[in-house]
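>
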Amino acid sequence: MKKNIIYLVLIIIIGVIAFVPGVKEYLRDQFFPIATIENAVHVSEEDYDIELKGINVPSTNLKAFKNKPVFLNFWGTWCPPCRKEWPTIQKLYDSRKGNIDFVLIAMNDKEDAVRKFLKENNYTVPVYIAQSPISEKILPKVFPTTFLIDQHGRIIIKEDAYRDWNTETVHQFIDNIIK
223 MKKNIIYLVL
233 IIIIGVIAFV
243 PGVKEYLRDQ
253 FFPIATIENA
263 VHVSEEDYDI
273 ELKGINVPST
283 NLKAFKNKPV
293 FLNFWGTWCP
303 PCRKEWPTIQ
313 KLYDSRKGNI
323 DFVLIAMNDK
333 EDAVRKFLKE
343 NNYTVPVYIA
353 QSPISEKILP
363 KVFPTTFLID
373 QHGRIIIKED
383 AYRDWNTETV
393 HQFIDNIIK
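Numbering-wise, the sequence shown is residues 223 to 401 according to the working numbering.
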């Protein structure tokens, strides 16, 4: 009896996936997001034009990272979820810094507070403070906000919350965009 119920449930699930419009595409996008890269939002030349004051690295402009894969994170020392995800970002940086550029922009923060935070935690990920306006396309509404951008300027991942960045899935995304 239990076997029949399980089979019936599986048949219903397969039927829904096969015959209900939009379900198959939704599931594909959830489980195979690489397929949606062609429809990804692109970061334009103007979006890249942000003067960045280096905190633990030399100052630069975000344009220096155009045509390169970039892990772009907006955060603040005042933001508990931002602080929580930092150890995972540091681990990702330690293992992938040769494959992707890391740009972490401290927002609404004082330079001294950022320096103190990095020093106290022995963080070495490149950190900047924006010195010019940030494009609406990438300006965060919440913190932390992270973008994984490929070398063509396509936003592959946008995360508007805390995330463990040192996962196999993230490593696979990075491996796929550096090909």
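All residues carry an ideal CB built from backbone N, CA and C; glycine is no exception.
Does I399 pass the burial test, meaning 16 or more other C-beta atoms within 10 Å, or should it be called exposed?
Taking the sequence shown and counting its residues from 1, one reaches residue 399 at position 177. Flag for I399 reads buried.
> Taking the alpha carbon of V347 as the point to measure from, which residue in K288, K224 and I327 has its own alpha carbon closest?
For the purposes of this step, residue 347 is identified with residue 125 of the sequence shown, where counting begins at 1. Out of K288, K224 and I327, I327 has the C-alpha closest to the C-alpha of V347.
> Should the segment 264-276 be regarded as contacting the segment 341-355, the criterion being three or more beta carbon pairs within less than 8 Å?
yes
> So for A286, helix, strand or coil by DSSP?
As a working mapping, residue 286 is identified with position 64 in the sequence shown. Helix, per DSSP.
> Have a look at E268, G375, L230 and K341 and flag the residue whose alpha-carbon is nearest the alpha-carbon of V292.
By one-based count along the sequence shown, residue 292 stands at place 70. When only C-alpha atoms are compared, the closest one is G375.
> By how many angstroms is the C-alpha of I371 removed from the C-alpha of K401?
Numbered from 1 along the sequence shown, position 179 holds the residue referred to as residue 401. Numbered from 1 along the sequence shown, position 149 holds the residue referred to as residue 371. For K401 and I371, the distance between alpha carbons rounds to 13 Å.
> Which of the three DSSP states is assigned to A383 in this structure?
Residue 383 sits at position 161 when you count from the first residue of the sequence shown. DSSP places A383 in coil when its eight states are reduced to three.
> Between the Cα of Y345 and those of T368, H264, Y229 and I277, spot the shortest distance and give me the residue it belongs to.
Within the sequence shown, residue 345 is the residue found at index 123, counting from 1. Considering only alpha carbons, the answer is I277.
> Let me know the secondary structure DSSP gives E260 once reduced to three states.
As a working mapping, residue 260 is identified with position 38 in the sequence shown. With a pLDDT of only 48 at E260, under the threshold of 50, the placement of this residue in the model should not be trusted, and no figure is reported.
> With a 10 Å radius around its C-beta and 16 neighbouring C-beta atoms as the bar for buried, classify E260 as buried or exposed.
For the purposes of this step, residue 260 is taken as residue 38 along the sequence shown, with counting starting at 1. Caution is warranted here: a pLDDT of 48 is assigned to E260, below 50, making its placement in the model unreliable, and the coordinate value is therefore given only provisionally. Looking at its Cβ environment, which holds fewer than 16 other Cβ atoms inside 10 Å, E260 is exposed.
> In terms of DSSP beta bridges, what is R376 paired with?
Reading the sequence shown from its first residue, position 154 is the one you call residue 376. H264, per the DSSP bridge assignment.
> Check this for me: beta carbons of K285 and D323, under 8 Å apart or not?
Reading the sequence shown from its first residue, position 63 is the one you call residue 285. Reading the sequence shown from its first residue, position 101 is the one you call residue 323. Contact: no.
> What number of angstroms, rounded off, separates the C-alpha of E342 from the C-alpha of L314?
If you number the sequence shown from 1, residue 342 lands on position 120. If you number the sequence shown from 1, residue 314 lands on position 92. The alpha-carbon atoms of E342 and L314 are separated by roughly 19 Å.
> How far does the alpha helix (DSSP H) with Y315 in it reach, from first residue to last?
Stepping through the sequence shown from its first residue, residue 315 is reached at position 93. Y315 -> alpha helix (DSSP H) spans P302 to R318.
> Can you tell me whether DSSP reads Y350 as helix, strand or coil?
Locating residue 350 in the sequence shown gives position 128, where the first residue counts as 1. Three-state result, Y350: strand.
> What distance in whole Å lies between the Cβ atoms of S357 and E268, which are believed to be in contact at a cut-off of 8 Å?
Position 46 of the sequence shown, counted from the first residue, corresponds to residue 268. Position 135 of the sequence shown, counted from the first residue, corresponds to residue 357. Here E268 really is in contact with S357; their C-beta atoms are around 6 Å apart, less than 8 Å.
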